[in-house]
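Line by line, the protein sequences give chains A and B.
Throughout the first sequence, residue numbering follows my numbering, covering 39 to 401 in sequence.
Throughout the second sequence, residue numbering follows my numbering, covering 1032 to 1414 in sequence.
Notes to accompany the following structure.
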Amino acid sequence: MEILRYEGAGKRYGSTWALRDFTLGVEEGTITALIGPSGSGKTTALRMANRMAEPDEGVIRYDGRALRSYRPEILRRSMGYVIQSVGLFPHWTVLQNVCAVPRLLGRRAREAEARADELLSLVGLEPALYRGRRPSELSGGEAQRVGVARALAADPPLLLMDEPFGAVDPLQRAKLQASFLDIQKRLKKTVLLVTHDLDEAVRLADRVVLMRGGVVVQEDTPARLLAEPSGDFARDFVGEERSLKRLARVAASSCARPPATALAGSDAPEADGSCDGPSLYWVIDGRGRPVGLVRPGGRAKPGEKAPPVLPLGATLKEVLALMLEDGPELVGLVDDEGAIRGELGLVDIARASSQAVVTGESR
Amino acid sequence: MEAIDHGPKLGRIGAAAALALLLAAAFSPFAELRPNRIVRGESVGVMSSPAALAGLAAAAAAVALSSAASRRTTGGFLPLLPRILTRSSALALLAAPSLTARSLGMARASPGPGFWLAAGGLAIAWRSGAARRPLALALDLVAAASVVAMASAGGLDAFSPYAEFLAQGPRFWAELARHLALSLGAFLTAAAFAVPAAALAARGGPAGSLVTALAGAAQNVPSLALFGLLLPALAALADALPGLRAIGVSGIGPAPALVALTLYALLPMALSGAAGLRMVDPGVRDAAKGMGLSRRQVFRRVEFPLALPSFLSGARTALVQTIGTATVAALIGAGGMGYFVFQGLGQAAMDMVIVGVVPVVVMSALADRLMGAFQTRAEGYIR
C-alpha cells in the first residue's frame, strides 16, 4: 500500500521551478531514495512531505488524505525527521532530545524514557553511558545515531531523512548505513531518503528516484538503474564504474563457498593435483575461529597477522576493497562468534558481478 | 568542581599601578580637618594618622603578596591573605579621617586627595587573591558588617560625608528607595519588552529594522535631552487624558524618567538578545520545526533558551547603565540619588555629592556581580 503519494507536485521560487510535475508513490515498509545533484529538487520534494515546504501545484496524499487537511505540527509529529546537521537541541541531554516528540504527544515521562533507552540501544549507544550526555559531548557519528533515535521515538510510520549520513567520514558513514539497514530490517518503517551519494542510495534503497533540475529522470530499482540507466544524464550520473557500485548491493554470503579448513596443530591436506582443489586452507582453533592460512600440505599454525575476514553481513564491495587494500587471495566470512562460515576469492566476485548484470538481481 | 573566586589577574601593570597610587596617597593630603561645616580647614598627611598609615601598609602588602604568590595554590590560608588585607585596609582608611579629627579636637574631616588615591589603589587590588566562593562572600559580609558596626558605634561621626549622611536622615533612605524603584522598574519593563523586540529584530524585515532603528535612536539621544523631549510629549498626553494624570503621568516627575530609562535599557537587551537569536544554529531550528514544535514552542523551548546568555549579557549592561543614568532623573523632579548630587553641586557641598554617588557606585557594582553570576550559569547550562 502507498503511504505517501505525490501527484504532479511542483514548487516555484520566484520564476524558477525547484520541482515540477513530481509524481511518486512511496510503498509502505520500503526505502525510497531521492537522488541527484544539488538543485535537482530532491530536498524540496522531501520537505513537502511534512509541509516544511508547500507545493504550488499538485496534490500530496498521506495515508490517503490530502496533506493540506492535516495541521502541520500534528502531521510532523507522525513523521520522523532526520537532517544532515542533526539539529540536536544543545541545551538538552541526549535523553531529553530523544524524548522530545513523545513528550509533545503528551506521553508520560517514564514511558518516554523507557522507550528512549530501547532506541538508544537499537542505534548502538549504551543508554546508561549516553542518556545524560550533552550533544556537545558526542562525536559526529554518535550525534547522528541519536538523531535517528529521536526520529524513531514516537514510532512514526514514515521516516524522512535528508542526507542523514552526509556529515560524517566515509568509515563512519558505512557503519551508520549498516546499522540503519539492521534497524530497518527489524522495524520495517517506510523511509523517504534524500542523498547525493549514489553508493548510499544503491546500498540502502529499494527504489531510487534520479532527479535533475526539478524533474524525475528515472525511477527504478537500484539494480536496474545501474544496469540500464536511461539517457545521457543517468548514464553520466551512474558513471563508468557502475558495475563496481552494483557490488555494494550484493551480500558476500550469497556467493561465498564453504571454507576449506585445517585445525591448528594438524597438517593441511596435500594438493591432489586437480585444479579445483583449495589452494589455501583456513587454520582454525577449537571453536572454528580462523587464526591463519596455510598452503596445502603445510603445518597448520596461527599466522603472524590476523587473517583477512569480514562479518557475514559484508557486501561484495567491501570484500573487494579488502582484497585491493591488503592483497589476500581469499577473504573469509565470520559469524557473530567469530567462527568461519564462508570464503571468497576474486573469481567469485567476478562471477557474481556478471550474473547480476544479466539478471538485474538485487540483495 | 569547586567554585573558586580567583578574581581578575593582577598582572605586573596592575600591581605597579596599585603601588603607584598607594605611594602617591602617602605623600598627598589625606584629609582636611575643619572645626565646622563652613570654614576651610587644614590638610593633614598620612603621617599624622596611624590608622591611615596602617591601611596603606596593608594595601601595599596585599598587592605585593598577590603578585608574588603562585596562582595555582588555592588551599590554606596564604592565598586568602590578600583578601583579608584589602578588606582590613579599607576599614582602616575609612576610619582614619574621623579618628584623626577626634584626636586633634576637630569636628569634621573631609577626605582629601590622598584618601581618593588610596581608594583607587585599593580598588585595583580589591579582588586579588583566591578564595573558595562561600569564604570570599563571608569575608565581604564580615567587612560590610564591620563598617556598619563602626558607623553605628560613632566611629565615623566626624567623617564629613558620613556626617552629611546622618544629617540627611530619613531623606536618604527615601531617595535610595526611589532610585531603586526607578531603575528596577525601568529595567524590568525594558526586559519584558526586550524579548518580543529581540524576536522581531532577529527576524529581520521591515518591523525588525524599525525596532533596531528606534532602539538605536533612543540610545543616541543624550539622557538629559531625552528627558527634555519627553517633557512636552508626556505633558500633552496628560492634558489630553485626565485618567493618566490621575495615576501620576505628567511632563516632570517619575513618569518621564521611567519612560526614558526604559527606552535606554531596551536597546542593549533587545540588540544583544537579537544577536543571540540569530546565532541559533539553523539546523536546530529546522529540526525543531520538522519534529512538530509549533512556532511558539520553537521560540520558548529552543530559540529563547539558546539565546538566554546573550539576553543576560545585554541585561547586565542595561541594569548597570540604568542604575547610573537614574541619577540624572533628579533633574526632572523624579528624585533618587541624583537629588543629593545636584543639591551638593549647587551648594558646592562635596560631602553631599559623595552621599549621592557612593550608593550608586556600590549598587552598580553589586548589580554587575549578580548579573554576571546569572550569565555564567546560563552559559554553562547551554554548553
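Glycine residues also receive a C-beta, built at the ideal position from the N, C-alpha and C atoms.
Note that the structure is a prediction, hence the values are computed from the model and not measured.
Of the residues 1287/B, 1267/B and 1228/B, which one's Cα is nearest the Cα of residue 1421/B? The structure shown does not extend to residue 1421/B, since chain B is modelled only from 1032 to 1414, so the question has no answer here.
Where the region 129 to 158 of chain A meets chain B: residues whose CB sits under 8 Å from a CB there: Cβ contacts with chain B come from 129, 138, 139 and 142.
Under a CB-based cut-off of 9 Å, is residue 1412/B close to chain A? Start at 1 with the first residue of the second sequence, and residue 1412/B comes out as number 381. Closer than 9 Å: yes.
According to DSSP, which residues form a beta bridge with residue 418/A? Residue 418/A is absent from the model: chain A starts at 39 and stops at 401.
Please report the straight-line C-alpha distance between residue 1063/B and residue 1255/B, rounded to a whole angstrom. Here residue 1063/B refers to the residue found at position 32 when the second sequence is read from its first residue. Here residue 1255/B refers to the residue found at position 224 when the second sequence is read from its first residue. Rounded to the nearest angstrom, the two C-alpha atoms are 34 Å apart.
Kindly say whether residue 1325/B, judged by its beta-carbon, lies nearer than 9 Å to any beta-carbon of chain A. The residue you call residue 1325/B lines up with position 294 of the second sequence. By this cut-off, residue 1325/B is an interface position.
Leaving out five residues on either side along the sequence, give the residues of the same chain with a beta carbon under 8 Å from the beta carbon of residue 1330/B. For the purposes of this step, residue 1330/B is identified with residue 299 of the second sequence, where counting begins at 1. Result list for residue 1330/B: 1230, in chain order.
Using the C-alpha atoms, what's the distance from residue 1215/B back to residue 1313/B? To locate residue 1313/B, count along the second sequence from 1; it is residue 282. To locate residue 1215/B, count along the second sequence from 1; it is residue 184. Distance between residue 1313/B and residue 1215/B, taken at the CA atoms: about 35 Å.
Using 10 angstroms around the beta-carbon of residue 169/A, count the other beta-carbons present and answer buried if the total reaches 16, otherwise exposed. Mapped onto the first sequence, residue 169/A falls at position 131. With 16 or more Cβ atoms within 10 Å of its Cβ, residue 169/A is classed as buried.
Identified DSSP bridge partners for residue 1074/B: Residue numbering aside, residue 1074/B sits at position 43 when the second sequence is read from its first letter. Answer by DSSP bridge pairing, in chain order: 1063/B.
Between the Cα of residue 76/A and those of 252/A, 359/A and 322/A, spot the shortest distance and give me the residue it belongs to. The sequence position of residue 76/A within the first sequence is 38, counting from 1. The candidate whose alpha carbon is nearest that of residue 76/A is 252/A.
Which partner residues of residue 44/A appear in the DSSP bridge assignment? Locating residue 44/A in the first sequence gives position 6, counting from the first residue. BP columns for residue 44/A point to 62/A and 98/A.
Own chain residues within Cβ distance below 7 Å of residue 1190/B, not counting five before or after: If you number the second sequence from 1, residue 1190/B lands on position 159. Taken in chain order, the residues that qualify are 1128, 1129 and 1140.
Counting only Cβ-Cβ distances shorter than 9 Å, please list the residues of the region 1216 to 1230 of chain B near chain A, keeping chain order. Answer in chain order: no residues at all.
Pairwise C-alpha distance: residue 1291/B and residue 159/A: Mapped onto the first sequence, residue 159/A falls at position 121. Mapped onto the second sequence, residue 1291/B falls at position 260. The alpha-carbon atoms of residue 159/A and residue 1291/B are separated by roughly 58 Å.
Would you call residue 296/A buried or exposed, if buried means 16 or more other Cβ atoms sit within 10 Å of its Cβ? Locating residue 296/A in the first sequence gives position 258, counting from the first residue. Label assigned to residue 296/A: exposed.
Give a yes or no on whether the C-beta atoms belonging to residue 1098/B and residue 1046/B are separated by under 9 Å. As a first step, residue 1098/B must be located in the second sequence, where it is residue number 67. As a first step, residue 1046/B must be located in the second sequence, where it is residue number 15. A contact, by the Cβ cut-off of 9 Å.
Which value, in whole angstroms, describes the spacing of the CA atoms of residue 63/A and residue 234/A? Here the question's residue 63/A lines up with position 25 in the first sequence. Here the question's residue 234/A lines up with position 196 in the first sequence. Cα-Cα distance, rounded: 20 Å.
Distance check for residue 245/A and residue 398/A, CA to CA, integer angstroms please. Along the first sequence, one-based indexing puts residue 398/A at 360. Along the first sequence, one-based indexing puts residue 245/A at 207. Legend: pLDDT at residue 398/A = 43, less than 50; position of this residue unreliable, no value from coordinates given.
By how many angstroms is the C-alpha of residue 327/A removed from the C-alpha of residue 320/A? Against the first sequence, residue 320/A aligns to sequence position 282. Against the first sequence, residue 327/A aligns to sequence position 289. Looking at the two C-alpha atoms, the distance is approximately 9 Å.
Which ranges would you report for the beta strand (DSSP E) in the region 1081 to 1146 of chain B if only whole runs of at least 3 residues count? Listed in chain order, the beta strand (DSSP E) runs fully inside the region 1081 to 1146 of chain B are 1139 to 1142, counting runs of at least 3 residues.
Neighbourhood of residue 1294/B by C-beta distance below 6 Å, restricted to the same chain and skipping five residues each side: Residue numbering aside, residue 1294/B sits at position 263 when the second sequence is read from its first letter. Closer than 6 Å at the Cβ level, and outside the excluded window around residue 1294/B, lie 1249.
Cα separation between residue 1235/B and residue 1247/B? Counting from one through the second sequence, the residue named residue 1235/B turns up at place 204. Counting from one through the second sequence, the residue named residue 1247/B turns up at place 216. When only Cα atoms are considered, residue 1235/B and residue 1247/B end up about 15 Å apart.
Please name the residues in the region 1307 to 1324 of chain B whose beta-carbon is closer than 9 Å to at least one beta-carbon of chain A, in chain order. 1312, 1313, 1314, 1315, 1316, 1317, 1318, 1319, 1320, 1321, 1322, 1323 and 1324
Since residue 56/A and residue 82/A should fall inside the 8 Å C-beta cutoff, what is the C-beta to C-beta distance between them, to a whole number of angstroms? Here residue 56/A refers to the residue found at position 18 when the first sequence is read from its first residue. Here residue 82/A refers to the residue found at position 44 when the first sequence is read from its first residue. Confirmed, about 5 Å.
Using only CA atoms, which one of 1053/B, 1302/B and 1376/B lies nearest to residue 1147/B? Counted from its first residue, the second sequence places residue 1147/B at position 116. Here the closest residue by C-alpha is 1053/B.
Beta-carbon within less than 7 Å of residue 1320/B's beta-carbon, same chain only, minus the 5 sequence neighbours each way: which residues are those? Counted from its first residue, the second sequence places residue 1320/B at position 289. Once the five neighbours on either side are set aside, the close Cβ partners of residue 1320/B are 1329.
Residues in the region 1040 to 1068 of chain B having any Cβ partner in chain A nearer than 8 Å: none
Tell me, please, whether the CB atom of residue 1406/B is closer than 9 Å to any CB atom in chain E? The structure shown contains no chain E; its protein chains are A and B.
Could you spell out the range, first to last residue, of the beta strand (DSSP E) harbouring residue 70/A? Locating residue 70/A in the first sequence gives position 32, counting from the first residue. Run containing residue 70/A: 69 to 73, per the beta strand (DSSP E) assignment.
Take every Cβ of the region 39 to 50 of chain A, pair it with every Cβ of the region 59 to 73 of chain A, and state whether three or more of those distances are shorter than 8 Å. yes
Here's the rule I'm using: 16 or more other beta-carbon atoms within 10 Å means buried, otherwise exposed. How should residue 1206/B be labelled? Numbered from 1 along the second sequence, position 175 holds the residue referred to as residue 1206/B. With 16 or more Cβ atoms within 10 Å of its Cβ, residue 1206/B is classed as buried.
Using DSSP bridges, identify the partner residues of residue 370/A. The residue labelled residue 370/A in the question sits at position 332 within the first sequence. According to DSSP, residue 370/A shares a beta bridge with 347/A and 381/A.
Thinking C-alpha only, which one of 184/A, 256/A and 240/A is nearest residue 247/A? As a working mapping, residue 247/A is identified with position 209 in the first sequence. Comparing Cα-Cα distances from residue 247/A to each of 184/A, 256/A and 240/A, the minimum goes to 256/A.
Less than 9 Å separating the beta-carbons of residue 1361/B and residue 1355/B? As a working mapping, residue 1361/B is identified with position 330 in the second sequence. As a working mapping, residue 1355/B is identified with position 324 in the second sequence. The answer is no: Cβ separation not under 9 Å.
Scan the region 168 to 229 of chain A and note each continuous alpha helix (DSSP H) run of 4 residues or more that stays entirely inside, going in chain order. For the region 168 to 229 of chain A, whole alpha helix (DSSP H) runs of length 4 or above, ordered along the chain, are 178 to 190 and 208 to 225.
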